[in-house]
Each structure stands twice: as structure tokens, then as C-alpha cells.
Amino acid sequence: MPVISIASTKGGVGKTTLSRILVASLASESADFVAIDADPNDALSRWRSKFYSGPDFDLVREPDHDRLAHLIHERAQSREIVIVDTAGFNNQSATIAMTFSDSVLIPIMADEADMEGAEKTWQRCRGVALGARREIPAWVVMNSVKKTSQIHQHVLGELQRLAEEVGLRWLDTKLSNLVAYNEISWSGSLPDRGPAVQEIRHFMDELRRRSILPPATAASRKTPNA
Ligand SMILES: Nc1ncnc2c1ncn2[C@@H]1O[C@H](COP(=O)(O)OP(=O)(O)O)[C@@H](O)[C@H]1O
Ligand SMILES: [Mg+2]
Numbered sequence: 000m001p002v003i004s005i006a007s008t009k010g011g012v013g014k015t016t017l018s019r020i021l022v023a024s025l026a027s028e029s030a031d032f033v034a035i036d037a038d039p040n041d042a043l044s045r046w047r048s049k050f051y052s053g054p055d056f057d058l059v060r061e062p063d064h065d066r067l068a069h070l071i072h073e074r075a076q077s078r079e080i081v082i083v084d085t086a087g088f089n090n091q092s093a094t095i096a097m098t099f100s101d102s103v104l105i106p107i108m109a110d111e112a113d114m115e116g117a118e119k120t121w122q123r124c125r126g127v128a129l130g131a132r133r134e135i136p137a138w139v140v141m142n143s144v145k146k147t148s149q150i151h152q153h154v155l156g157e158l159q160r161l162a163e164e165v166g167l168r169w170l171d172t173k174l175s176n177l178v179a180y181n182e183i184s185w186s187g188s189l190p191d192r193g194p195a196v197q198e199i200r201h202f203m204d205e206l207r208r209r210s211i212l213p214p215a216t217a218a219s220r221k222t223p224n225a
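Mapping of the sequence shown onto numbering that gives the first Met the number 0: position 226 corresponds to residue 225, and the numbering continues sequentially without gaps.
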């Protein structure tokens with residue numbers, strides 16, 4: 000525990016990018032975690048096998064939603080953290096991942112359809128939480144942001160409206176629109192210079208501040224041969 004899912008009914012909003020940032024950051028800290036790629040498109044698995052060049056970590060590919068439930072359940076017993084990257088269209092997998100999640104991260108870019116995707120995903124999460132009779136905290140993550148653009152102001156206004164209407168909330172950390180994020184998918188390592196370095200640090204710090212991730216203590220680290 001905890002299980003963290005990255006979900007949105009909308010494709011192309013940065014789910015796999017956020018997953019890459021999370022898993023590469025956790026791997027660099029030698030955290031005891033497993034990544035689960037629940038997207039039949041295999042983007043996270045492909046990145047891991049073709050490009051990723053950081054410290055080794057466990058990744059399991061599971062596109063079958065029935066098997067996914069058992070896999071998350073089993074891995075959550077043996078690992079400190081479980082990260083699940085989900086597909087935009089295969090909603091059964093995303094819903095199952097939510098059922099097991101301690102937190103759900105919902106990325107959005109500055110697009111009307113992404114906002115719609117975030118609202119739908121938020122509502123699904125609330126529905127799953129009602130069925131599970133427990134809270135499933137979710138946060139929108141503003142991704143690919145152009146901070147000074149008018150469209151970003153529009154997004155903030157829309158988020159505010161949804162906060163009032165359905166209680167939607169978001170992380171303080173915003174990931175800017177940067178080639179550096181795009182490059183992770185080819186380079187297999189996290190940016191080592193420029194504004195992305197600080198944004199990623201803020202992102203990880205905020206996840207810990209909000210107890211979405213456990214503290215990076217020595218106790219949570221895996222032993223070298225585990
Ligand atoms: N903050 C960002 N800045 C620039 N490009 C980004 C950013 N986040 C994602 N991208 C790019 O947007 C595309 C879609 O992102 P991806 O993570 O694959 O979305 P999803 O998994 O939700 O379908 C990819 O080409 C990715 O490199
Ligand atoms: Mg993806």
C-alpha cells in the first residue's frame with residue numbers, strides 16, 4: 000500500500016507521462032514499488048523495455064481487466080507502493096484500478112474535452128467510492144500548462160466551477176508544456192536540467208505532503224536483492 004492510479008476517460012492527457020515521472024522518480028529513490036501497465040497499448044511497458052535507463056524496477060503488464068483486480072490485490076500485499084497506468088478508453092480496467100486505489104490522479108491538458116474527461120473520471124471515482132463505502136481521494140493534475148495563456152485562465156475558471164459543483168480538487172503543482180516531458184518517452188530518463196527538474200521535485204513533494212505517497216524513509220526502501 001498505497002495503490003495510486005493514473006486515470007482519465009480522455010486519451011492523450013499525460014497519464015503515461017505522469018506514470019513515467021512517478022516510476023522513474025521512485026526508482027531513483029530505491030522505493031519499494033511495482034508499476035502496473037493496464038493499458039492494452041503498452042506505452043509504459045514499451046518505454047520501460049526500449050528506453051528506460053534508470054535503476055531497475057518491477058513492471059507488470061496486465062491488459063485483462065479481470066486479472067488486473069487479482070494482480071493489484073496481490074501486489075498491494077507485498078509492495079510498499081503500487082502505481083497503475085490506465086487506458087483512456089478501456090474503462091473497465093480504470094474502474095477496477097480505482098476500486099483498489101488509495102488515490103487517483105487525473106491529468107488534464109488545456110482542452111475542453113480534457114475537462115469533460117476529468118469531470119467524468121471524477122464522477123466515476125465518486126461512484127466507485129460509494130459502492131466501496133469508503134473515500135477514494137482523487138486529484139486533477141494540470142499538465143502541459145502554458146501559465147500565461149488565456150486558455151489556462153479559462154481552465155482555472157472551469158476547475159473552480161467544478162470544485163463548487165462536484166467538489167473536484169487539484170494539485171498545486173502544474174506541469175508546464177515542455178519538450179523535456181515529451182522527451183522522457185524517448186530518452187528513458189528524467190530531465191536533468193531546466194524547469195522540469197523543479198516541477199518534478201514539487202510534484203513528488205506534494206504527493207508526499209498530501210500523503211498520496213508515503214515518506215521517502217529508509218524503511219520503505221527495498222533491500223538491494225529484494
Ligand atoms: N507537460 C507536457 N509537455 C509536453 N508534452 C507533453 C506533456 N505531457 C504529455 N506530453 C505529450 O503528450 C502526448 C500524450 O501524453 P501521454 O502521457 O501519452 O497521454 P495518455 O497516457 O493520457 O494517453 C505524448 O506525446 C507526451 O509526450
Ligand atoms: Mg497512456
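Heads up, the beta-carbon is just placed ideally off N, CA and C, and yes, glycines get one too.
8 angstroms CB neighbourhood of residue i in its chain, flanking five on each side removed
{"i": "I150", "result": "A109"}
{"i": "D191", "result": "none"}
{"i": "A23", "result": "Y51, G53, I183, S188, L189"}
{"i": "L58", "result": "V22, V33, A34, I35, D36, L43, S44, R47"}
{"i": "L70", "result": "I35, V59, E61"}
Any non-hydrogen atom of ligand 2 closer than 6 angstroms to residue i Cβ
{"i": "T15", "result": "yes"}
{"i": "D38", "result": "yes"}
{"i": "A117", "result": "no"}
{"i": "A34", "result": "no"}
{"i": "A42", "result": "yes"}
Nonlocal neighbours in the same chain, by C-beta distance under 6 angstroms from residue i, ignoring five residues either side
{"i": "T16", "result": "Y180"}
{"i": "V12", "result": "P106, I107, M108, D113"}
{"i": "F202", "result": "T172"}
{"i": "L43", "result": "T15, S18, D36, D84"}
{"i": "L177", "result": "A195"}
Distance cut-off 6 angstroms: residue i Cβ against heavy atoms of ligand 1
{"i": "V12", "result": "yes"}
{"i": "N90", "result": "no"}
{"i": "S143", "result": "yes"}
{"i": "L177", "result": "yes"}
{"i": "L174", "result": "yes"}
{"i": "S184", "result": "yes"}
{"i": "Y51", "result": "no"}
Buried versus exposed, by CB contacts within 10 Å (16 or more), residue i
{"i": "M141", "result": "buried"}
{"i": "M97", "result": "buried"}
{"i": "L170", "result": "buried"}
{"i": "H64", "result": "buried"}
{"i": "W46", "result": "buried"}
{"i": "S48", "result": "exposed"}
{"i": "K145", "result": "exposed"}
{"i": "E134", "result": "exposed"}
{"i": "E157", "result": "buried"}
{"i": "F88", "result": "exposed"}
{"i": "S148", "result": "exposed"}
Nearest-angstrom Cβ-Cβ length linking residue i and residue j, presumed shorter than 8 angstroms
{"i": "A117", "j": "S7", "result": "6 angstroms"}
{"i": "R208", "j": "A215", "result": "The Cβ separation is near 12 angstroms, so there is no contact."}
{"i": "I80", "j": "L161", "result": "With 8 angstroms as the limit, I80 and L161 do not qualify as a contact, their Cβ atoms being about 28 angstroms apart."}
{"i": "A26", "j": "P54", "result": "5 angstroms"}
Minimum C-alpha distance to residue i - residue among the options
{"i": "I183", "options": "V165, I199, T172, R168", "result": "I199"}
{"i": "S210", "options": "L43, V22, S148, A137", "result": "A137"}
{"i": "H72", "options": "S100, D55, S52, F50", "result": "S100"}
{"i": "S4", "options": "V12, L58, D31, A37", "result": "A37"}
{"i": "T85", "options": "A26, K49, S143, V2", "result": "V2"}
{"i": "R226", "options": "W185, A93, D55", "result": "No statement about residue 226 is possible, as the shown extent of the chain runs from 0 to 225 and does not include it."}
{"i": "Q152", "options": "C124, E164, G126, E111", "result": "E111"}
{"i": "N40", "options": "R168, L158, K14, E205", "result": "K14"}
{"i": "T120", "options": "G130, V139, R133, E164", "result": "V139"}
{"i": "V103", "options": "S148, G130, Q122", "result": "Q122"}
{"i": "Q263", "options": "L21, R132, V33", "result": "This structure gives no information on residue 263, because the portion of the chain shown stretches from 0 to 225."}
{"i": "L167", "options": "P194, W185, R125, S175", "result": "R125"}
{"i": "E115", "options": "D57, V154, P54, E61", "result": "V154"}
{"i": "D31", "options": "E61, R74, R60, G10", "result": "R74"}
{"i": "G193", "options": "L174, W185, E205, Q159", "result": "L174"}
Contact test: residue i Cβ vs ligand 4 heavy atom, cutoff 6 angstroms
{"i": "S27", "result": "Judged by which ligands are present, ligand 4 is missing from the structure shown, whose ligands are ligand 1 and ligand 2."}
Same chain only: Cβ atoms within 7 angstroms of residue i, ignoring 5 sequence neighbours per side
{"i": "S52", "result": "G187, S188"}
{"i": "N224", "result": "Residue confidence for N224 is low, a pLDDT of 48 falling below 50, so the modelled location carries little weight; the figure read from the coordinates is stated next. Nothing meets the Cβ criterion."}
{"i": "A131", "result": "T98"}
{"i": "I95", "result": "H64, L67, A68"}
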